[in-house]
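Asks:
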Amino acid sequence: MRGPSSEPRGRLDVVVIDQPARVAVAAARRVPVTGVFVALLAVAEIVYATLTQPAAHRLVEWASTNVDRLRAEPIGPMLLSAFVVQEDPLPWLIVGGAAFAVVEWRLGWWRALVTALAAHVIGTLVSEGIVWWRVHHGTLPASAVRQLDVGASYVVVGLLAAAVVVGPRIGQILAGGLLLALSPALLEGITGLEVAAVGHLTSVAVGLASGLLLRARARRSAVPKTPQPV
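According to our numbering, the sequence shown is numbered sequentially starting from 177.
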């Protein structure tokens, strides 16, 4: 006869301990692109932190999505710039990962990826396009086409805006509250059409529009088709 502390209790302990791990693995499988994004951003931030100041400056110059670099080599800087974070790397990593996970969980991996790419690319093109136009018309100096422009903020802000639309109620509240709290910093200089402010505003608009469109598409694809009478 087994006592109260015999083998069955041990098996129960193993099951209880193992359950959270299984839940975590199942959740991670639901958001694979989020995992890749967080891993790449974390590695990039660690590498950037280890660079000497001259090396870091050279990297930022190469990765900047300014008018000059976009003319010469658009693809490389457009991709790399989102992973070069000069200030507050940990908050951007945490908020970006959380926002990406919410959007991917609700809409699927490819819709979340499309939202992130659209926010980054369109935010960059609109903000730098305004710089090009102003330089061309003499309202900015020619040096403005070479200003430094890197960071994950367009991706993160766009995903936060999408989370406001597609997230669960608590996610919508948190994402909206965070956007409102960050808006003074994100939109600083918007009246002067500064690059970062214009890019952030554009990314928010892209995120909201992407969330609405992709949510509607996801709902349509989820509706079972009515079989046609033979």
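Glycine included, C-beta positions come from ideal geometry on N, C-alpha and C.
If contact is defined by three or more beta carbon pairs under 8 Å, each pair taking one atom from either stretch, is the segment 314–328 in contact with the segment 258–277?
Replies: Contact between the segment 258–277 and the segment 314–328 is present, because at least three Cβ pairs lie under 8 Å.
Asks: Here's the rule I'm using: 16 or more other beta-carbon atoms within 10 Å means buried, otherwise exposed. How should residue 281 be labelled?
Replies: By 1-based counting over the sequence shown, the position of residue 281 is 105. Residue 281 is buried by the Cβ-count criterion.
Asks: Check each candidate in 241, 269, 288, 242 and name the one with the smallest Cα separation from residue 208.
Replies: Here residue 208 is taken as the residue at index 32 of the sequence shown, counted from 1. Closest option to residue 208, Cα to Cα, is 288.
Asks: Closest by CA to residue 257, which one among 204, 228, 293, 346?
Replies: Residue 257 sits at position 81 when you count from the first residue of the sequence shown. When each option's Cα is compared against that of residue 257, the closest is 293.
Asks: Less than 6 Å between C-beta atoms, sequence neighbours within five positions excluded: which residues of the same chain meet that for residue 390?
Replies: The residue you call residue 390 lines up with position 214 of the sequence shown. Answer for residue 390: 283, 287, listed in chain order.
Asks: Would you report the Cα separation of residue 366 and residue 345, rounded to the nearest angstrom?
Replies: Mapped onto the sequence shown, residue 366 falls at position 190. Mapped onto the sequence shown, residue 345 falls at position 169. So the alpha carbons of these two residues sit roughly 30 Å apart.
Asks: Are residue 303 and residue 380 touching if we call contact CB-CB under 8 Å?
Replies: For the purposes of this step, residue 303 is taken as the residue at position 127 of the sequence shown. For the purposes of this step, residue 380 is taken as the residue at position 204 of the sequence shown. For residue 303 and residue 380, no; Cβs fall outside 8 Å.
Asks: Determine the DSSP secondary structure at residue 244, reduced to helix, strand or coil.
Replies: Counting from 1 along the sequence shown, the entry for residue 244 is found at position 68. Here residue 244 sits in helix by DSSP.
Asks: Leaving out five residues before and five after residue 177 in sequence, what residues of the same chain have Cβ atoms less than 7 Å from its Cβ?
Replies: Along the sequence shown, one-based indexing puts residue 177 at 1. Because the pLDDT of residue 177 is 47, which lies under 50, any placement of that residue in the model is unreliable, and the question is left without a value.
Asks: Quick check on residue 305: buried or exposed, where buried means 16 or more other Cβ atoms within 10 Å of its Cβ?
Replies: Taking the sequence shown and counting its residues from 1, one reaches residue 305 at position 129. Exposed.
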